[in-house]
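Position one of the sequence shown corresponds to residue 158 (this note's numbering), numbered consecutively onward. Built from N, CA and C at the ideal position, the CB exists for glycine as well. This structure is a prediction, so every number in the text was calculated from the model and none was measured.
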Amino acid sequence: MNKRGSILEKPAVFKVKQKTVSIIGLGNSFMGDDALGPYIIEYLRENYETMVKPVAEPLNINIKLMDASQDPILAGAVIAEGNPVILIDAAEMNLPPGEYRLLKIPDIRKNIDLRAVSTHGFNIVQVLDMADEFGYSEFVKILAVQLGSIHYGDAISKNVLINLNKIIKEILKEVREINEKENTYS
């Protein structure tokens with residue numbers, strides 16, 4: 158006991174762990190539309206104060222922005238943390254270039270041509286397998302954007318860039334929905 162007759166020397170403080178949502182860009186920065194994942198991550202970093210922070214702060218969540226173009230295995234390590242993950246990657250979905258879909262893992266095999274060769278040494282099948290192996294497939298979504306041009310040295314095509322704002326809004330909307338879903342079940 159202290160001098161005032163209290164058992165506690167100082168008030169107990171319970172720190173609540175802040176939720177984390179990881180947004181990971183996949184792709185090859187030198188292959189046209191396949192560079193979209195890393196491009197979006199860089200864009201969000203450059204515009205953090207005006208685009209990401211206004212979403213993260215009111216929700217009291219941490220948003221990790223990660224470019225995994227140089228080390229795609231990083232996506233698997235982040236998935237293993239067990240927090241929600243949104244992967245951004247160009248894909249072959251037989252849609253017009255620039256069209257996009259936000260897919261849960263069960264929908265990926267139905268919507269993406271998984272036979273397509275990856276331009277960055279890592280493909281969606283490997284992401285699926287890792288998420289399933291870790292038991293975290295319910296926490297992973299992929300924002301897949303239909304690619305148009307994937308020639309070495311090409312810039313991202315106009316057909317893809319024209320949807321950039323819509324794609325970013327979709328990503329940030331998904332962050333909000335992830336937060337709402339977690340609050341519903343916690």
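According to DSSP, residue 182 shares a beta bridge with 224, 245. Between the stretch 210-230 and the stretch 288-304 there are fewer than three C-beta pairs closer than 8 Å, too few to call the two in contact.
Distance from the Cα of residue 264 is smallest, within the candidate group 212, 181, 299, for 299. Just measuring C-alpha positions, the residue of 180, 213, 334 sitting nearest residue 199 is 180. Residue 194 and residue 224 have their C-alpha atoms spaced approximately 8 Å apart.
Selection 310, 294, 322 evaluated against residue 302 yields 322 as nearest (Cα-Cα). Contact between residue 208 and residue 325 holds, with the beta-carbon distance rounding to 7 Å and staying under 8 Å.
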